[in-house]
Each structure stands twice: as structure tokens, then as C-alpha cells.
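**Q**
Number of protein chains: 2
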Amino acid sequence: MVEPTPGYELPLQLFAAFRAIIDAAHDDLARHGYPDVKPMHGFVFQAIGTQGTTAVELGARLGVSKQAAGKTIANLEKLGYVERAADPNDARRKLVRLTAHGLDMLAVSARSFDAIQAQWAETIGPERLAALQNDLRTLAPGELLRLDVPGWFSGDR
Amino acid sequence: MVEPTPGYELPLQLFAAFRAIIDAAHDDLARHGYPDVKPMHGFVFQAIGTQGTTAVELGARLGVSKQAAGKTIANLEKLGYVERAADPNDARRKLVRLTAHGLDMLAVSARSFDAIQAQWAETIGPERLAALQNDLRTLAPGELLRLDVPGWFSGDR
DNA sequence: CATGATCGACAACCAGGTTTACTATATGGG
DNA sequence: CCCATATAGTAAACCTGGTTGTCGATCATG
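From first to last, the protein sequence lines stand for chains A and B. Residue numbers 9 to 165, in our numbering, belong to the letters of the first sequence in order. Residue numbers 9 to 165, in our numbering, belong to the letters of the second sequence in order.
See the structure below:
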């Protein structure tokens, strides 16, 4: 039995597919008036959620230090996607929440991802896409949301 | 018909699967005496290949500037994975080739990736893995080898 | 043979990550 | 009640890897 593809192709295919989705979503976002969001920001927005969070908690969710989370928050604040407010119950904490702009962008991106998924379902058939997702869940269970990508990719893990 | 998963999960699943493979391969590499290789280096080694290349060509293959390629080459040279030699036919060019150490590491990583692929085939069945790869090829055709991941992920593309 | 293109290197800068260190605030045991 | 300890946020210094701009050296061509 011959080996159909060398083993190193599989991860590259997975990454190319990931990248294709992200690029498509961000093309969509740029067309809808959000040209300044970066692929990374999607992770952050998901981690902040509609409820808001704090820098420490955000760092924990994303797998980076609280300082890195703080930097990212500061950037998103400068871009107007996020706002910080004092926590009345704990003067140390600062609540980070999405602004109206951020929430709108989150909604747009959600529609974008849904549209891409729908398009993929159309391309290969919904049952095959469902099977693909099912297989991925089996093969790579665990946390989906990890932001330490730059460090993970180039650092020593 | 209900939407089974929100659209944003699909890219995260793809990325998690990619990451799972890379992490497994690098655990393997660390066990086999290559603890200092980073996920990024795999891309570079594949792009250099067994034939060798130059900085400009490497940058073009990986989608980064020649300067960035040069920096990466310098790092890999310091680690002993790569060596530079003058091109007898063109005094401007410097051939970059994998050392014996680098070639061995490439062989180990190839075995690693094959083993992981085999394990995945065992887990979900070879025909489903083949279908998965086939679908991925359909959904995300094009260049597999692009190294501009850090810049792509956090930069403005 | 002179002009233009290419290769490799250097410098300056940026983004994002880390560790270390510090202040301010909470919390809980003596 | 008070002090010791833990936690939240911030800042500084540093690392890696990316970018652009520049430059000298070398080829290639009109």
C-alpha cells in the first residue's frame, strides 16, 4: 500500500484551510467598514465576549500573560473596539467590555463566519462538512481559544 | 434545520488540529534530540529542501522579505542546522544548505509526521482521513508553504 | 563599457510576547 | 483591629521576527 501524501502535508492543509477562512472573513470585514481588525483580534473578541472581562482573566483565557493581554486591550481601546471601566466592587479591577462598535463588528464577523461555513457546506456537501468537523473534534479535542500563536509559532513552546 | 455550530468554530477547529499535529511532532523531535527547533522551522526546512537555496529564493517561497529570510538563515546557522557556501557561478549568491544535522532532523520530522498521520488514520479510519484531506484540498487550494504567519496573524495582511 | 538589475547585509523601526518589579487594593488569620 | 499575603493593573527592559530603506558588490545587457 502506497503512502498517498507525505505526512507533513496534513498540517499544512489544515493551516491553509484555517487561513483561507480567516482571510475570507477579514475581506468581508474590510468591505463592511472594519479594515483595521487583524486576524488575532477575532480571538480576543471571542474571549472578551458580550459580558466583558478583566485583563488577568483575558490573559488566562487566551493563554498569554496578563501584561500581553493588557497591551492588546490598550490597542483595541485605541481603535475604539473596547472600553475600560472601574469595577465598583473591587477598586483593583477594571472591567473590559466591547463598545457598540466592537459588538457590531462581532456581529458582522459572526455573520461572515456563518456565511463561509455555509459556502463550504455547499461546496463539499453539508454532510461531509459535518463529518469533517466531527473528525476534527475527535482528533483535536480541548481548548479552542488560545492566543499565544506568535509566541507558540516562533518561540520554544 | 438548525445550525449545529456557530461559524467561528470551524476555523478554530482547523487551527486546533494543526496545532495538535505540530505539538505532537515537536514533542517527538525533542525526544529524539532536537529540543531547539521551533514550529516555524519546519516550514523553513521544507522550503530549503535537500537541494539548498538562497536567501532571496527562500524569502519568495515563504512569502517574507529576503531580509527576514536572511535573519532566519542566520539563526538556523547558529543552531547548526544550516550552512552557507559561496556560489562558484555567481559571487553575489550564497547557497544555503541543510547540514547533516539538519538533514537528519528533517528525516526525523518526516517520520514523525508520517506517524501522526498514521495514528489519525487509525483513530478515525483511513478512508475518513483521506476524505478529510480531499475536502481540505478542495476548500483551500493553493500554496501550502507560507511563513509569514506572525505578521499575517497580528499584522494588517 | 556603462547602466540597470540582483544578491546579501546592515540599520532603524514596529508588533507582540516574556520576565521582573512596583503600586494599589482586598482578604483573612492572629 | 492590624498586619501579612495575595491579587489587579501597569511599566520597563528585553527577545524574536517581521518590515522598509539603504548600500556595496556583482552580474547581465544594450
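A virtual CB, placed ideally from N, CA and C, is assigned to each residue, including glycine. Quick caveat, the model's predicted, so the values are computed rather than measured.
Taking 9 Å as the CB-CB cut-off, is A/M113 touching chain B?
**A** For A/M113, not one C-beta of chain B is nearer than 9 Å to its own C-beta.
**Q** Taking only three categories from DSSP, how would you classify A/K46?
**A** coil
**Q** Would you check if the distance between the CB atom of B/A148 and the CB atom of A/A24 is smaller than 9 Å?
**A** yes
**Q** In angstroms, rounded to a whole number, what distance separates the CA positions of B/V52 and B/G150?
**A** 18 Å
**Q** Are B/Y16 and A/A118 closer than 9 Å when you measure CB to CB?
**A** yes
**Q** Figure out for me which residue from B/L144, B/F121, B/T146 has the closest Cα to the Cα of B/I30.
**A** B/F121
**Q** Report the rounded CA-to-CA distance for B/L138 versus B/V72, giving the unit in angstroms.
**A** For the sequence presented, residue 138 of chain B should be read as Ala rather than Leu. Linking B/A138 to B/V72 through their CA atoms gives a straight-line distance of about 31 Å.
**Q** Give me the Cα-Cα distance between A/H34 and A/Q75, rounded to the nearest whole angstrom.
**A** A/H34 and A/Q75 have their C-alpha atoms spaced approximately 27 Å apart.
**Q** Report the neighbours of B/Q141 on chain A: residues whose CB is nearer than 9 Å to its CB, in chain order.
**A** By Cβ distance, chain A contributes P12, T13, E17, L18, Q21.
**Q** Contact criterion: CB-CB distance below 9 Å. Does B/L144 meet it with respect to chain A?
**A** yes
**Q** Quick one: what's got a C-beta closer than 8 Å to A/T58's C-beta in the same chain, skipping five residues either side?
**A** The answer, listed in chain order, is L106, L111, L114.
**Q** In whole angstroms, what is the alpha-carbon distance linking A/R92 and B/A123?
**A** Each residue's alpha carbon lies about 48 Å from the other.
**Q** Quick one, are the C-beta atoms of B/D143 and A/R27 less than 9 Å apart?
**A** no
**Q** Could you check if A/G67 is buried or exposed, using at least 16 other CB atoms within 10 Å of its CB as the buried criterion?
**A** buried
**Q** Quick check: B/T13 and A/Q141, are their CB atoms within less than 9 Å of each other?
**A** yes
**Q** Please compile the residues from chain B whose C-beta is within a distance smaller than 8 Å of the C-beta of A/L147.
**A** Within 8 Å Cβ-Cβ: A25, A28, W128, T131, I132.
**Q** Among A/K79, A/P96, A/V116, which has the Cα closest to the Cα of A/P43?
**A** A/V116 is the residue among A/K79, A/P96, A/V116 whose C-alpha sits nearest the C-alpha of A/P43.
**Q** Answer yes or no: do B/T62 and B/L103 have a C-beta to C-beta separation smaller than 9 Å?
**A** yes
**Q** Return no unless some Cβ of chain B is closer than 9 Å to the Cβ of A/D36.
**A** no
**Q** How about B/R69: is its C-beta nearer than 9 Å to some C-beta of chain A?
**A** no
**Q** Taking only three categories from DSSP, how would you classify B/T13?
**A** coil
**Q** Quick one: Cα of B/L70 to Cα of A/N97, how far?
**A** Between the alpha carbons of B/L70 and A/N97 lies a distance of about 51 Å.
**Q** Verify whether the separation of the beta carbon atoms of B/A49 and B/L84 is less than 9 Å.
**A** Per the sequence shown, residue 49 of chain B should be read as His rather than Ala. Yes, these two residues count as a Cβ contact at 9 Å.
**Q** What do you get for A/T80, buried or exposed, if any count of 16 or more other CB atoms within 10 angstroms of its CB means buried?
**A** buried
**Q** Look up B/A99 in the DSSP assignment and say whether it is helix, strand or coil.
**A** strand
**Q** Three-state secondary structure (DSSP) at A/A148?
**A** Coil.
**Q** Relative to the alpha-carbon of B/Q54, which residue among A/K86, A/A129, A/Q127, A/L20 has its alpha-carbon at the smallest distance?
**A** Nearest to B/Q54 by C-alpha distance, out of A/K86, A/A129, A/Q127, A/L20, is A/L20.
**Q** Indicate the three-state DSSP secondary structure (helix, strand or coil) for A/V104 in the structure shown.
**A** Here A/V104 sits in strand by DSSP.
**Q** Residues of chain A with CB closer than 9 Å to the CB of B/I56, please, in chain order.
**A** Result: empty, since nearest Cβ-Cβ is about 13 Å, beyond 9 Å.
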